[in-house]
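Colleague: Just so we're aligned, residue 6 is where the sequence shown starts under our numbering, counting upward by one.
Ideal Cβ placement from N, Cα and C applies to all residues, glycine included.
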Amino acid sequence: MSKKVFVKSYGCQMNVLDAERMVDTLVPKGYVATGRAEDADLILLNTCHIREKATEKTFHELGRLRALKQERPDLKIGVTGCVAQAEGAEIMRRMPLVDLVVGPQSYFRLPELVDQAELGLRPVDTEFPAEDKFDRLPKRHAAPGPAAFVTIQEGCDKFCAFCVVPYTRGNEVSRLASKVRAEVEDLVERGVREVTLLGQNVNAYRDGAGVTLAALIRDLARVDGLKRIRYTTSHPNDMDDDLIAAHGDVEKLMPQLHLPVQSGSDRVLKAMNRKHTRADYLAVIARLRAARPDLVFSSDFIAGFPGETDRDFAQTLELIDAVGFGAAFSFKYSARPGTPAAEREVLPDAVADERLQVLQAKIAHHQYATQASMIGREVNVLIERTGRSAGQMTGKSDHLYPVAVSGPDIAIGDLLKVRITASHANSLSGEIIG
Ligand code: SAH
Ligand code: SF4
Ligand code: F3S
């Protein structure tokens with residue numbers, strides 16, 4: 006009789022991929038994944054600590070699971086991810102229903118920890134082991150779709166004043182390029198046509214043999230059958246000459262780049278410890294555009310950082326106009342315990358709320374404009390899933406916009422040439438031309 010594990014994931018793409026990898030570790034123990042918490046023998050909450058709201062979700066969800074656990078005392082509940090890393094001991098103290106806690110660096114130990122939990126122990130593992138955690142994870146089990154994520158780097162050494170990631174994910178560690186290539190080749194053999202290389206600071210990638218991200222991308226571009234390469238998330242200071250050049254000369258590297266800037270004000274950037282100015286950022290964008298004129302950029306912004314004035318905020322809006330982002334995420338500043346900025350005086354909530362709204366409207370304006378500029382253009386779409394209506398299929402364009410197409414005989418995994426005919430709120434539609 007197989008046991009069932011249900012994983013609920015919050016936060017970034019790396020967390021979502023980690024969830025899949027956690028299930029992989031449990032397969033040899035006879036576990037299969039289920040989409041229903043009610044059916045599970047083991048529930049893992051794979052948490053995110055980035056903003057207060059994200060962390061609150063963990064405790065809210067645990068509250069909801071209490072009833073399920075009362076009905077079925079055999080049910081085991083684990084907390085994983087970045088809240089586990091940051092507040093593991095605290096969770097165990099406050100939440101008697103939790104049976105195990107494990108941080109992102111120790112997922113390879115999950116089978117052992119589940120054994121301990123089954124014996125009634127309540128293990129907590131939030132170590133940063135010296136060995137390469139990727140080496141300790143089993144081969145990927147679940148059938149991948151046509152577009153897959155591959156973690157190549159984890160952790161961050163940047164210490165932006167607001168951010169918990171350097172504490173929850175630890176120092177920057179890069180996987181060996183040869184191992185990344187082997188994983189990509191395996192995925193391609195199993196039908197993958199697009200890979201997104203993941204890291205908290207992915208363009209700081211440098212493996213033990215000195216291979217840089219640009220060199221890795223050039224190497225992966227030679228994998229037969231792999232059609233598209235993307236990478237995320239990058240820091241502006243780590244966009245080196247070779248990586249910028251790769252955007253111009255590696256055809257498989259897609260013309261879309263997520264490059265968080267956070268603010269358009271030098272004063273705020275300094276207070277955030279971003280270690281780059283507005284001009285530095287704009288210069289990187291200009292060089293990337295020179296290498297690949299049709300690059301579409303996305304970014305992250307924080308509204309209401311401590312000390313942000315109306316003038317600072319206006320400079321952020323100006324920067325958005327100057328770049329013309331094709332999409333962006335924006336967040337209201339959230340003070341995180343243990344980070345330097347948490348010691349500073351926060352702005353009134355109403356001010357931050359209003360700025361966030363203005364920021365979102367500005368971003369939406371540029372997103373619509375960029376999407377509208379696609380109408381009439383020929384793009385390539387990698388079909389990933391069935392669409393909303395009968396006969397409709399959807400996939401991503403080179404520029405990472407979701408595109409819906411209709412027609413007979415379209416299959417998941419097809420890479421189609423499409424003429425964009427219309428732009429909607431967060432997607433495009435088009436007609437197949439080849
Ligand atoms: N380089 C990372 C960034 C992770 S956090 C990556 O891999 O994506 C994603 C975004 O969350 C950041 O770029 C920032 O805009 C936002 N963020 C981080 N800490 C925050 C905080 N304390 N309050 C509000 N937003 C925050
Ligand atoms: Fe956080 Fe800054 Fe590192 Fe991004 S670069 S993960 S925002 S500390
Ligand atoms: Fe959240 Fe951790 Fe990712 S804090 S954004 S899950 S690295």
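Going by C-alpha to C-alpha distance, which of Q397, V384, A409, H404 sits closest to K422?
Modeller: Taking only the C-alpha atoms, the option nearest K422 is V384.
Colleague: State buried or exposed for K394, treating a residue as buried only when at least 16 other CB atoms are found within 10 Å of its CB.
Modeller: Going by the sequence as given, residue 394 is Ser instead of Lys. By the neighbour-count rule (16 or more Cβ atoms within 10 Å), S394 is not buried but exposed.
Colleague: Is any non-hydrogen atom of the ligand SF4 found closer than 7 Å to the C-beta of P353, if you look at the structure I gave you?
Modeller: no
Colleague: Compute every distance between the C-beta of F164 and the non-hydrogen atoms of the ligand SF4, then say whether any falls below 7 Å.
Modeller: yes
Colleague: Starting from L31 and walking both ways along the alpha helix (DSSP H), at which residues does that stretch end?
Modeller: Element bounds for L31: 18-31.
Colleague: Where do the ends of the alpha helix (DSSP H) carrying Q90 lie?
Modeller: First-last of the alpha helix (DSSP H) with Q90: 86-99.
Colleague: Just to confirm my understanding: we take S411, look at its own chain, exclude 5 residues before and 5 after, and list those with CB closer than 7 Å. What are they?
Modeller: G396, Q397
Colleague: Quick check on this structure: which residue in V363, E61, M259 has the alpha carbon closest to the alpha carbon of R233?
Modeller: M259
Colleague: Give a yes or no on whether 8 Å exceeds the smallest Cβ distance from P260 to chain C.
Modeller: In summary, chain C is missing from the structure at hand, where a single protein chain is found.
Colleague: What do you reckon, is the C-beta of N385 under 7 Å from a heavy atom of the ligand SF4?
Modeller: no
Colleague: Is the CB-CB distance between S335 and F306 below 8 Å?
Modeller: yes
Colleague: Shortest alpha-carbon distance to A374 belongs to which of N431, D354, G343?
Modeller: N431
Colleague: Between which two residues does the beta strand (DSSP E) containing V207 stretch?
Modeller: First-last for V207: undefined, no H or E at that position.
Colleague: What I want to know is whether the C-beta of H240 ends up closer than 7 Å to one or more non-hydrogen atoms of the ligand F3S.
Modeller: no
Colleague: Where does P407 sit, in a helix, a strand or coil, going by DSSP?
Modeller: strand
Colleague: By a C-beta neighbour count over all protein chains shown, 10 Å radius and 16 as the cutoff for buried, is L50 buried or exposed?
Modeller: buried
Colleague: Quick one: what's got a C-beta closer than 6 Å to H371's C-beta in the same chain, skipping five residues either side?
Modeller: G329, F330
Colleague: If you run the structure through DSSP and keep just helix, strand and coil, what is I55?
Modeller: coil
Colleague: For V170, tell me which candidate among D403, C17, G400 has the shortest Cα-Cα distance.
Modeller: Out of D403, C17, G400, C17 has the C-alpha closest to the C-alpha of V170.
Colleague: Contact check, A182 vs L221 under 8 Å by CB: the rounded distance?
Modeller: 5 Å
Colleague: Would you list the one or two residues that DSSP bridges to S7?
Modeller: Per DSSP, none; premise fails for S7.
Colleague: Expressed to the nearest angstrom, what Euclidean distance is found between the alpha-carbon atoms of T237 and I157?
Modeller: 10 Å
Colleague: Taking only three categories from DSSP, how would you classify K280?
Modeller: Here K280 sits in coil by DSSP.
Colleague: How big is the Cα-Cα spacing for D3 and N208?
Modeller: With the chain covering only 6 through 439, there is no way to say anything about residue 3.
Colleague: Can you tell me where the alpha helix (DSSP H) holding S183 begins and where it ends?
Modeller: 182-194
Colleague: Evaluate contact between the stretch 18-33 and the stretch 138-148, counting only Cβ atoms and requiring at least three cross-stretch pairs below 8 Å.
Modeller: yes
Colleague: Using the Cα positions of R195 and V228, report the straight-line distance between them to the nearest angstrom.
Modeller: 13 Å
Colleague: Which residues in the same chain as F318 place their Cβ atom closer than 6 Å to its Cβ, once the five residues preceding and following it in sequence are excluded?
Modeller: R360
Colleague: If you follow the beta strand (DSSP E) that Y36 is in, where does it begin and where does it stop?
Modeller: 36-38
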